[in-house]
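Each residue of the sequence shown is one higher than the last, beginning at 20 in the numbering used here.
Backbone N, C-alpha and C fix where the C-beta goes; we use that ideal spot for every residue, glycine too.
Everything on this sheet refers to the single structure shown next.
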Amino acid sequence: MRQLVVLNIALVIALCCVSVSFADNPRPNILWITCEDISPNLGCYGDEYAVTPNLDRLASESTRYTAAFAPIGVCAPARSCLITGMWPTSLGSQHMRCQAVLPEYVHCFSEYLRDAGYYCTNNVKTDYNFQQRPQSWDASSRQAHWRGRADAQPFFAVFNFTSCHESQIRLPEEQYQQRTADFMAAERHDPAKAPLPPYHPDAPEVRRDWARYADMITYMDKEAGRVLDELEEDGLADETIVFFYSDHGAGMPRSKRWLYDSSTRVPLLVRFPEKYRQWAPTAAGDSTDRLVSFIDFGPTVLSLADVAIPEHMQGVAFLGEAAGPPREYVYGFRGRMDERYDMLRSVRDGRYKYIRNYMPQLPYFQHQFLEYQNEMPTMRVWQRLADEGNLTGPAATFMAMRKPAEELYDTEADPWEVHNLADDIAYHDVRHRLRGALYDWMLEIRDLGFLPEPDMRTRYGDAAPFDAVRADPASYPLAELIDLANLATTASTTAAEGAPNVASVAGIFEALLGRGDTDPATRYWAVVGRGELDPWWPMSREWILTLAENPQESPSVRLAAADAYFRNVPASDDDEAVLDVLVEMLGDENEWVRVMAANILDRIDERAASCIPAMRAALEVPDGPGKYITRVMTHTLGDLEDPGKDGGGK
């Protein structure tokens, strides 16, 4: 009995000690002030065109990160990465607005904070590319605020400002004037003084858009200032760690949606009050060039809150007790953007950026018309000048009809990334190193991008692909697929350089397709590669027709064959057989099969004319939330029936 009393006394003493310790150093509040679609175009980052007094003041009290990166230059997949601490290419959430299926154990990290006693609010955007659980937030609305918490309860609060989003640059004039009505003269940006990137044409529309972009950042700065003022008014500034960042780079064409620094490098400020200064990596007002990625943000918040970081998270905390070593590389990806397919991957160290284009046959912009993007005046004038043949230099490069398979940039010497060094022998070792780092990363995370989107849905259905490919690695032979995709997308470059092994490479693709048991994803990449070689080693017309027409093939393989046919075979009576395949696919129950078919029809111009009735019918087919097939078919029909009505941009 005496031992039990002693044990109870010891337990009470221990609990008291813990209570005192917690009272002396309570868990911090954490505030995220986030905005949309801006690069580090703030005064505190040296931008002399910027008018951002509130954020500049915050920077003077914070650590300023000069090498913070989103993994992609668009919102939904980037937000998927932020809120889960996992790579979207690993989860299957890399395509825009795809509503990925997550493993049951993967939650928004705010849930782990709630479980630990935090009051978590989000004001207001989610857009995570998957269906979030109701328990993700205590409150998620335009009224969500830390003020709804219980007394002394620690909080994690997110305020997301959309005022500098791409769509706000092109506001109708009346709305724009209302938005900026309270601006003083010194806060307005003169288009004539707007600094232009070298890849944009110097046109009045472009200057106006960049000036408006800067105006909207000034407007957002005022919004951020009001939240910071509320924190002070509530007496919470000394208890709260404050983050400010953007969801990706500038919302202008060739910035947003790509993998260049103008697309992915973001401002990041982190302010520590005095009681948490032990976690600050620099003195207040100083900067750090440590590489950080959105994949690290969730683990970092959990580290600061002293909450265990789940094992499935793929990032590394860069602050707090659980902070890990600095990362050597940051990675990026691009999948389907709204209604247009593409596939890119990137890796960057502190200086060099390597980009791998897995669909080099697709241009940057030409034949990749995005309805939403084309609402930007800059995009329309850029396209018009391209159609007129009035572009030179980098502005013309990004209107070319193909992309290079590989891109390499020295971001110190070439911050706009317009001088591709991939073929420069002086940078061979850099390219080799980064190419290897990218390959290793894709294998490590089990990158799902090598499985065409329609096949992912067909193969895994309502199951989480993240779990499925780990439970049965043979079902997704990733190493083989990466090697094949690398070979397929460099085949045309190899052939153009006169390499003697064109026939043997073509033979590899044909042998894979000749095996009846080949994985559909393998067959897809083999068709892509064989089509790329056709100008140097023509494929049999009958062979490609058989692939396209064979109902036993997966829709992605049949569509890849149809695409290869129209890219390489001159118009003939055989067109109708392949067009019949595309029309069949327009009626497929899989939304993404329909979108892939629509994209091919859009690229083949007048050869698709006989399909106009089917394309009109496709407009009536119920579609997903983005109604992407409607966008593509509306554009195609407009080009066929009223050429030039949208200013080009096929």
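Shown here, residue 223 sits in a helix according to DSSP, grouped into three states. Judged by DSSP in its simplified three-state form, residue 318 adopts helix. Distance from the CA of residue 592 to the CA of residue 573, rounded to the nearest whole angstrom, comes to 25 Å. Bounds of the alpha helix (DSSP H) holding residue 109 are 107–110. In summary, residue 323 is buried, with 16 or more beta-carbon neighbours lying within 10 Å of its beta-carbon over all protein chains present.
Residue pairing from DSSP places residue 427 in a beta bridge opposite 373. Taking C-beta atoms under 8 Å as the contact rule, residue 397 and residue 228 qualify, at a distance of about 5 Å. For residue 550, the enclosing alpha helix (DSSP H) has its first and last residue at 539–552. Runs of alpha helix (DSSP H) with 4 or more residues, each lying fully within the region 473–514, are found at 484–490, listed in chain order.
Proximity of the region 380–388 to the region 121–136 falls short of the contact definition, fewer than three beta-carbon pairs being nearer than 8 Å. Between residue 494 and residue 274, the CB-CB gap reaches or exceeds 9 Å. Within the region 304–360, the complete alpha helix (DSSP H) segments at least 4 residues long are 316–323, listed from N- to C-terminus. The beta carbon of residue 627 sits closer than 6 Å to the beta carbons of 620 from its chain, once the five residues preceding and following it are set aside; these are given in chain order.
The straight-line gap separating the alpha-carbon atoms of residue 55 and residue 541 is approximately 38 Å.
Straight-line spacing of the CA atoms in residue 291 and residue 125 works out to 29 Å. The beta carbon of residue 497 sits closer than 8 Å to those of 461, 462, 465, 466, 469, 488, all from its chain and outside the five residues before and after it, given in chain order. The straight-line gap separating the alpha-carbon atoms of residue 183 and residue 241 is approximately 12 Å.
By the neighbour-count criterion, in which 16 or more other beta carbons inside 10 Å mark a residue as buried, residue 565 falls on the exposed side.
Inter-residue distance for residue 225 and residue 278 is about 21 Å (C-alpha atoms, whole angstroms). Sequence-distant Cβ neighbours of residue 660 in its own chain, meaning closer than 8 Å and more than five residues away, are 631.
Following the DSSP letters along the chain, one finds residue 139 inside the beta strand (DSSP E) bounded by residues 138–142. Below 8 Å, too few C-beta pairs join the region 605–613 and the region 505–512 to call them touching: fewer than three. Note that the region 305–322 touches the region 88–107; at least 3 beta-carbon pairs, one per stretch, sit closer than 8 Å. Per DSSP, the continuous alpha helix (DSSP H) segment holding residue 562 begins and ends at 560–568. Judged by their CB atoms, residue 288 and residue 89 are not nearer to each other than the 9 Å cut-off. Where residue 282 is concerned, there is no enclosing beta strand (DSSP E), although the alpha helix (DSSP H) around it starts and stops at 280–283. Linking residue 554 to residue 589 through their CA atoms gives a straight-line distance of about 12 Å.
A straight line joining the alpha-carbon of residue 223 with that of residue 420 spans about 26 Å.
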